[in-house]
Amino acid sequence: MWHMYLPIAGNSVNILAIFGLGGFVGLLSGIFGVGGGFLMTPLLIMFGIPATVAAASDSNQIVGASTSGTLAHWRLGNVDVKMGILLLIGGVLGGTVGVQIIKILRAMGNADFLISITYVLMLGGVGGYMFLESLQGLKKSKNVEEDETSKEAPAKKESTYARMLKKLPLQSRFAKSGVEISMLIPLFLGVLVGVLAAIMGVGGGFIMVPIMVYLLRMPMHVVVGTSLFQILFTCVNVTIMQAKSNHTVDFVLAVLLLLGSTIGAQVGTKVGKKMKGDQLKILLASLVLIVCVKMLAGLLMTPDFMIAMKGGH
Amino acid sequence: MKNIFKTLVVTVFGLLFFQLENVSAADNVTVDIAPQTVQIGTFYNGTTVTISGSIPAGAEAVIRLSGAGEDLHLKRKGKVGGVLWMNVGDLTYHNAPNVYKLLTDASTNDLDNSAARNYGFTALKNRIEISPDNGETDFLLKEFVRLKTEDGMYGIMPGTISYGAAEGGMKSYTGTIDIPPGMTQGAYAVDVVAVQNDTIVGTSSSSLNLKQIGFPEQLSAMAFGHALWYGIMSVVIALMAGLFMGLMFKDKGGAH
């Protein structure tokens, strides 16, 4: 009674379990501005969904979750449309380049090794840096609160990085993000994330968020809203392409996930609103590090089977 | 001339005898599947199918359910640099049945060393071809059977066949098989073998069909027949669900 058949996945699932899974990942999406594909796809595979169908149907549900999340963040003034569009254009270009790179790597025969190493290094590097930086941020804010008599901190010396960015052409003001930088920067960073996402076979939300925080110097709450806005368009494109070329989108699975994730994204936005930027960052960093440790364990421990089905992330 | 005539007569009689023996071998085993067609509807979650019939009174039955052969692409895992386990090569399993389940009675515990060995997993060695051939076919086939058994698509189920009382030199048999929800629609071969004194004394075959009906059937037809529209519809509905949920939460004073 509580099961539903998924015609494209060719399996049935427990409705409540998938609803709960959608809710959990939607919650993370609303809080952190990530699509959650790096968590959702392995979990769906555990439910008996073929890897290719899991990844494509997840893209379909992210369309719903990110619409819900973007709307909630839009009302809070957290979406920088101009920045989002530039990152998106860069992401599409980067994705196209990345697909070609992966073809060359596959032809050379060492694609899987490079993908696994890139994945672990990216997760470990991004997660580790973000964790330490936000930990310092939390300590600092605590110290400031304790020392009420402290005088205004001296103006920070402008870094070489910041001076270099100011010299680039096409300088523009991004009002919502509160930064003035060259439009080439988000475009270039979008390309970078697009390339990495295509190589690793993921949406790239967990790379995009730290890049917006650390390299574009955007406030964390605007980062979350803008990331969701950008993910929405990426996933619309991926869903249509996967449905047309590979017939791997299971609409029933996507709808079951959507029911949970759209609610989860709204609740997540409310939860995120109550938290400080550094608290958000440290939680996301912990999540990324957990996934990194799990992947590393998978690489170090003897697998149960010496063969595996192809496909998926 | 006389010798040629003799040879001809012997050959004709020999062929006739062979045919007659085959007819009797097929006739002494019957098979009936209930239901013959499993309907996969919206809330389908697998089912149970009963395979029954009759075999010679002194024989034991073995039932094999096998799916169509397909080419499967897998990855070979191996150690890189003596430390990391990862995919080290591609493998293709040609003509691998998507389902391979064997039902036996409680007394048949070593199918591979019985007369029905050609119906067991040993038979897969002649059926499945693995490429590239790296000289480890036996190991890779064992791993494949283990992987598919874990998925619930392969397996030997001892004790799942029971017998009725013998009557007129025949006895009835009944086997029940669980059809997992992951078994896709299509035709599956059901073979019944009767084994007596380490010899196959009869065989019979039938087929089980799995068919999507109603909503799953319509959705599959759209996904494969009108792929672009199916993709656009999936996106539009997801967008509307997201917007609807966003508006619902606004009305409840959730987000400001």
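Residue numbers (our numbering), protein chains in the order written: chain A, 1 to 313; chain B, 1001 to 1256.
Note that CB positions come from ideal geometry on N, CA and C, so glycine has one too.
Which stretch, first to last residue, makes up the alpha helix (DSSP H) that contains residue i?
i	result
S1220/B	G1214 to G1225
F206/A	G205 to Y214
R163/A	T160 to K166
R1117/B	Careful: R1117/B lies outside any alpha helix (DSSP H) and carries neither H nor E.
S286/A	G277 to L300
E1143/B	T1137 to E1150
R217/A	Unbroken run through R217/A: none, as it is neither H nor E.
K1125/B	L1124 to R1127
Do you know whose CA, among the options, lies nearest residue i's CA?
i	options	result
S245/A	V1236/B, F1224/B and L1243/B	F1224/B
L88/A	M122/A, F188/A, L114/A and G36/A	F188/A
I185/A	L196/A, A175/A and R217/A	R217/A
Q171/A	H247/A, I181/A and T52/A	I181/A
G205/A	P169/A, F32/A and G272/A	F32/A
G48/A	Q1185/B, Y1119/B and P1180/B	P1180/B
L1065/B	G1135/B, V1049/B and L1072/B	V1049/B
R163/A	W74/A, I282/A, I8/A and L215/A	L215/A
A1187/B	Q1212/B, M1170/B, F1144/B and Y1163/B	Q1212/B
G1246/B	S177/A, T269/A and S141/A	T269/A
G1169/B	F1144/B, A1116/B and A1059/B	A1059/B
T1042/B	L1219/B, W1229/B, V1236/B and I1237/B	L1219/B
I307/A	N1118/B, G1135/B and L1140/B	L1140/B
P1097/B	L1111/B, K1077/B, N1087/B and D1071/B	D1071/B
I8/A	V267/A, M40/A, A55/A and G20/A	A55/A
A1115/B	T1199/B, N1109/B, L1228/B and L1103/B	T1199/B
F24/A	G178/A, D80/A, G36/A and L132/A	G36/A
Strictly below 7 Å CB to CB, what residues from chain B border residue i?
i	result
G10/A	G1182 and T1184
I263/A	M1245
H3/A	F1043 and N1045
T302/A	W1085
G48/A	G1182
I307/A	L1074, K1075, R1076, K1077, L1091, L1140, E1143, F1144 and L1147
P219/A	The premise fails here: P219/A is roughly 18 Å from chain B at the closest Cβ pair, so nothing lies under 7 Å.
L299/A	L1084, W1085 and M1086
With distances taken between CB atoms, is the gap from residue i to residue j smaller than 8 Å?
i	j	result
Q242/A	S59/A	yes
G91/A	V236/A	no
G1214/B	I1063/B	no
I45/A	G1231/B	no
L963/B	V1038/B	Residue 963/B is absent from the model: chain B starts at 1001 and stops at 1256.
V63/A	L1239/B	yes
V195/A	V53/A	no
P1158/B	A1106/B	yes
F113/A	V1235/B	no
F229/A	T41/A	no
S29/A	G264/A	yes
N1028/B	G1202/B	yes
F174/A	K82/A	yes
Y1163/B	Y1100/B	no
Since residue i sits in a beta bridge, which residues does DSSP pair it with?
i	result
Q1039/B	K1211/B
S66/A	None, per the DSSP bridge assignment.
I1055/B	K1171/B
S182/A	Q171/A
N1045/B	Paired residues: none, contrary to the question.
I1063/B	L1103/B and V1192/B
H247/A	None, per the DSSP bridge assignment.
D1032/B	S1052/B
K1079/B	W1085/B
E1070/B	A1096/B
D1178/B	T1048/B
T1166/B	Residue 1166/B is actually Ala in this sequence, not Thr. BP columns for A1166/B point to K1171/B.
What first and last residue would you give for the beta strand (DSSP E) that runs through residue i?
i	result
P1097/B	L1084 to P1097
V1193/B	G1186 to Q1196
L6/A	H3 to L6
N14/A	N11 to N14
M46/A	Careful: M46/A lies outside any beta strand (DSSP E), inside the alpha helix (DSSP H) at G37 to M46.
G1155/B	Y1154 to M1157
A107/A	It is not in any beta strand (DSSP E) - A107/A instead sits in the alpha helix (DSSP H) that spans V81 to M108.
M309/A	I307 to M309
Output, in chain order, the set of chain A residues within a Cβ distance shorter than 9 Å of residue i.
i	result
G1175/B	Here the premise fails: no neighbours, minimum Cβ distance about 24 Å.
A1187/B	None at all; the shortest Cβ gap to chain A is about 15 Å.
By the criterion of Cβ-Cβ separation under 8 Å, what are the contact partners of residue i in chain B?
i	result
N60/A	S1234, V1235 and A1238
A65/A	G1242
T239/A	G1231, S1234, V1235 and A1238
V34/A	Correct list: empty, because the minimum Cβ distance to chain B is about 16 Å.
For a contact defined as C-beta to C-beta under 9 Å, what are the partners of residue i on chain B?
i	result
S68/A	A1241, G1242, L1243, F1244, M1245, G1246 and F1249
Using a cut-off of 8 Å between C-beta atoms, extract the partners of residue i located in chain A.
i	result
L1219/B	P7, I8, F251 and V252
L1228/B	I240, A243 and K244
Please list the partners that residue i has in chain A, where partner means a Cβ-to-Cβ separation under 7 Å.
i	result
P1216/B	Y5 and P7
Q1212/B	P7
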